[in-house]
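*Asks:* Respectively, the protein sequence lines represent chains A and B.
Taking our numbering, the leading residue of the first sequence gets 1, the next gets one more, and so forth.
Taking our numbering, the leading residue of the second sequence gets 1, the next gets one more, and so forth.
From the three backbone atoms N, C-alpha and C, an ideal C-beta is built for every residue, glycine too.
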Amino acid sequence: MADSVDVKKGLPANPEKATLEGKNKFLGMFVFLAGETTMFATFFGTYLGLRSGTASGPEPADLFQLPLVFIMTMILLTSSLTSVLATYAMKKNQFGKLKLWMWVTFLLGVTFLSLEIYEFVEYYEHGLGYTSSAFASSFYTLVGLHGAHVLFGLGWILLLLLRNRSRGITLYNAPKFYAFALYWHFIDLVWVFIFTVVYLMGIGG
Amino acid sequence: MAENLNQPFEESAMNKEEKRKLNREQRIQVIAFAFMIGITILAFLAVGAEGIPTIFTTPFILLLALVQLIIQLYYFMHLKDKDHGWPSSFMISGLVLAAPMIVALIMLLGVVKY
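1) Using the Cβ count rule (16 or more neighbours within 10 Å means buried), how would you classify Tyr173/A?
2) Tell me whether Leu69/B sits in a helix, a strand or coil according to DSSP, three-state version.
3) How far does the alpha helix (DSSP H) with Lys16/B in it reach, from first residue to last?
4) Measuring straight from C-alpha to C-alpha, what distance separates Met1/A and Lys82/B?
5) Quick check: what's the CA-CA separation for Phe9/B versus Leu11/A?
6) Based on Cα-Cα distance, which residue from Met77/B, Leu109/B and Pro100/B lies nearest to Leu33/A?
7) Label Gly129/A either buried or exposed according to how many other C-beta atoms from any shown protein chain fall within 10 Å of its C-beta, with 16 as the threshold for buried.
8) For the alpha helix (DSSP H) holding Thr38/A, just list the boundary residues, first then last.
9) Answer yes or no: do Gly48/B and Leu66/A have a C-beta to C-beta separation smaller than 9 Å?
10) Closest by CA to Val121/A, which one among Leu161/A, Leu63/A, Val84/A and Phe135/A?
11) Would you please verify whether the beta carbon of Gly94/B is less than 9 Å from any beta carbon of chain A?
12) So, for Leu142/A: in the same chain, excluding its five sequence neighbours on each side, which residues have a beta-carbon less than 6 Å away from its beta-carbon?
13) Classify Tyr114/B: buried if its beta carbon has 16 or more other beta carbons within 10 angstroms, exposed otherwise.
14) So the alpha helix (DSSP H) His149/A belongs to, where does it begin and stop?
15) Applying a beta-carbon distance threshold of less than 9 Å, which residues of chain B neighbour Ile203/A?
16) Give a yes or no on whether 9 Å exceeds the smallest Cβ distance from Val121/A to chain B.
17) DSSP beta-bridge partners for Ser12/B?
18) Which word fits Asp188/A, buried or exposed, when buried means at least 16 other C-beta atoms lie within 10 angstroms of its C-beta?
19) Could you have a look at Thr87/A and say whether DSSP puts it in helix, strand or coil?
20) Considering only the alpha carbon of each residue, which of Ile70/B, Met101/B and Leu5/B lies closest to Leu20/A?
21) What's the C-alpha gap between Leu42/B and Gln72/B?
22) Residues in the region 125-147 of chain A with C-beta within 7 Å of chain B's C-beta atoms, listed in sequence order?
23) Could you name the residues of the region 39-60 of chain A whose beta carbon sits closer than 8 Å to any beta carbon of chain B, in the order they occur along the chain?
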């Protein structure tokens with residue numbers, strides 16, 4: 001496949017899948033994400049099974065604040081859009097725009113993570129320690145696992161941006177940026193279910 | 001081929017038609033995003049508003065989450081595109097496995113509320 005791409009004319013229309021290596025990265029990313037889906041399913045199942053076990057400690061409805069969750073959701077959803085815009089800039093060979101949108105994604109991710117840490121500290125001060133109740137441990141494990149994924153994604157994109165800061169879009173780094181965008185959408189997707197199942201159902205369901 | 005993998009390109013090889021298509025797709029993505037924001041606000045309103053019974057809220061917000069799942073997978077992660085047969089089958093198998101796992105765990109943990 002790799003030799004069938006004519007690179008003399010310029011950047012191919014789909015640079016992330018122009019080489020065999022890129023195609024493998026693309027497919028491998030989806031295998032990974034399918035595995036992640038089942039892993040998150042076990043954490044969601046555990047949380048749903050244990051969420052009423054509050055052991056006379058704080059309950060979801062006492063702790064969760066709709067405005068904070070709403071702001072966090074908006075930030076993460078927007079970062080999904082900015083990473084999509086980055087991949088479009090990549091396909092059009094606009095390296096400056098790609099970097100700009102990826103940096104915006106990074107900053108939105110950092111803001112989200114800071115809010116999540118603030119939220120955990122707040123809950124801890126309200127008496128929800130990790131071992132307070134079955135609800136507490138399953139909540140911290142599920143939301144913390146998502147937070148850990150965000151942290152990992154932030155490290156990933158930071159390294160990509162620093163390593164490729166002056167390289168331009170090549171057939172070697174385009175699949176890497178694209179794989180990150182796929183990962184970031186998945187993180188966003190998991191958050192959609194967290195805010196629905198954990199927060200909204202915790203407050204009103 | 002292999003030696004110029006690390007070479008940036010002066011310009012894009014896309015012709016006008018391909019560029020137009022890409023721009024249109026990008027516009028659709030922005031609209032899909034606006035739609036997602038809309039249904040997110042709807043989900044928060046359904047929970048935040050007074051006087052809406054829980055029996056309605058829970059299935060409603062779960063349905064909205066499902067719509068978001070489809071938009072993210074098919075538009076943002078491009079599963080609707082032609083060359084995404086294998087990724088689609090991977091993701092669908094993941095979801096098919098995930099659903100009974102969630103149900104089984106809830107039942108194993110002895111929740112009788114549902």
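*Replies:* A quick look at the data gives this:
1) One detail in the question is off: residue 173/A reads as Asn in this sequence, not Tyr. Under this definition Asn173/A is a buried residue.
2) helix
3) Lys16 to Gly48
4) Because Met1/A sits at a pLDDT of 45, beneath the cut-off of 50, its placement in the model cannot be relied upon, and the following sentence gives the value as read from the coordinates. Going from the Cα of Met1/A to the Cα of Lys82/B covers about 18 Å.
5) 6 Å
6) Met77/B
7) exposed
8) Leu20 to Leu50
9) yes
10) Leu63/A
11) yes
12) Phe43 and Tyr47
13) Low local confidence applies: a pLDDT of 46 at Tyr114/B is under 50, so the model's placement there is unreliable, with the coordinate-based value given in what follows. Under this definition Tyr114/B is an exposed residue.
14) Ala134 to Arg163
15) Val47 and Gly48
16) no
17) Leu11/A
18) buried
19) helix
20) Leu5/B
21) 17 Å
22) none
23) Phe40, Ala41, Thr42, Phe44, Gly45, Thr46, Leu48, Gly49, Leu50 and Ser52
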